[in-house]
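Undergrad:
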Amino acid sequence: VRVGRRIYDNLKKTINFFLPTAVAQGLIVIAALLLNRPLPLTPVQILWVNMVTTITLSYALGFEKASADVMNRPPRPIKEGILSWYSLFRIFYVSLLIMIPSYVLAVQFEGTVLQQSMLLQSIVFAQAVYLLNCRELVKPALNRQLFANRALFVSLSLLIVLQAAIFLTPLGHQLLGIGSLTLMQQLSIAANGALLFAVVEGEKFITNKLQGRQKAAPVKQ
Numbered sequence: 171v172r173v174g175r176r177i178y179d180n181l182k183k184t185i186n187f188f189l190p191t192a193v194a195q196g197l198i199v200i201a202a203l204l205l206n207r208p209l210p211l212t213p214v215q216i217l218w219v220n221m222v223t224t225i226t227l228s229y230a231l232g233f234e235k236a237s238a239d240v241m242n243r244p245p246r247p248i249k250e251g252i253l254s255w256y257s258l259f260r261i262f263y264v265s266l267l268i269m270i271p272s273y274v275l276a277v278q279f280e281g282t283v284l285q286q287s288m289l290l291q292s293i294v295f296a297q298a299v300y301l302l303n304c305r306e307l308v309k310p311a312l313n314r315q316l317f318a319n320r321a322l323f324v325s326l327s328l329l330i331v332l333q334a335a336i337f338l339t340p341l342g343h344q345l346l347g348i349g350s351l352t353l354m355q356q357l358s359i360a361a362n363g364a365l366l367f368a369v370v371e372g373e374k375f376i377t378n379k380l381q382g383r384q385k386a387a388p389v390k391q
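Right under this line is the structure:
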């Protein structure tokens, strides 16, 4: 039972991780079309974003350890879907948190190549940050088990190496049609990622508080 619940929990984490990033990419394209602007990313760049995250990040959450309370939870209802209303709410607002800051930041700069470079790096960085959020769906991500999943840090390290390879080499620039980014531009992207992480963790805190009050409320006879 413990192993089954762990596998199920990690599957939910993986789905909750991938869907917002996929939706965010679609929203960015839709926003560009509605604003009558060029496509924000080329097909090759979109392929890279999906490929690099699939290679590096897709398996990390599958190695998460079982939660401490995994055996204290009651059996889930038979008709309960893998995506709850809460999960759909999370997917919706995280998609916007990835899409809006990334797109707004990118269009502040002149030149299609620079804008696409900023957007590509922003989306990949946001996915890496949100991966940390998804370690726990409703509990704080930065807990004692943070370093228990070595696969998580191997995945993030590999992602950093691959991103550095395309942004710091002429071959990467030529293949993806991107350019180098300055330190300040990278820090701006990191700030967007920090905002995403903080908002999701804040939402978890509020959700836990509300759930705690509901459980503590006396049952009316």
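FYI, in this note's numbering the residues of the sequence shown are 171 to 391.
Glycine residues also receive a C-beta, built at the ideal position from the N, C-alpha and C atoms.
None of the values given here were measured: they were computed from a predicted structure.
Whole-angstrom Cβ separation of leucine 275 and asparagine 362, contact assumed at under 8 Å?
TA: Rounded, the Cβ-Cβ distance is 6 Å, consistent with contact.
Undergrad: Start and end of the alpha helix (DSSP H) containing glutamine 215?
TA: Its alpha helix (DSSP H) spans residues 213-226.
Undergrad: Report, in whole angstroms, the separation of the C-beta atoms of leucine 407 and isoleucine 261, which I expect to be a contact under 8 Å.
TA: As shown, the chain starts at 171 and ends at 391. That puts residue 407 outside it, with no answer to give.
Undergrad: Determine, using beta carbons only, whether asparagine 180 and glycine 232 come nearer to each other than 7 Å.
TA: Yes, they are a contact pair.
Undergrad: Where does isoleucine 177 land, buried or exposed, given buried means 16+ other C-beta within 10 angstroms?
TA: Isoleucine 177 comes out exposed.
Undergrad: Which of the three DSSP states is assigned to alanine 368 in this structure?
TA: Looking at alanine 368 - three-state DSSP - the assignment turns out to be helix.
Undergrad: If you reduce the DSSP assignment to three classes, tell me which class arginine 314 lands in.
TA: Three-state DSSP puts arginine 314 in coil, outside helix and strand.
Undergrad: Okay, do the segment 261-270 and the segment 189-202 touch, 3+ Cβ pairs below 8 Å being the bar?
TA: Flag = yes, the segment 261-270 and the segment 189-202 touch.
Undergrad: Check each candidate in Tyr263, Ile330, Ser350 and Leu227 and name the one with the smallest Cα separation from glycine 372.
TA: Among Tyr263, Ile330, Ser350 and Leu227, the Cα nearest to that of glycine 372 belongs to Tyr263.
Undergrad: Does the beta-carbon of proline 208 have 16 or more other beta-carbons within 10 angstroms, so that it is buried, or is it exposed?
TA: So proline 208 ends up on the exposed side.
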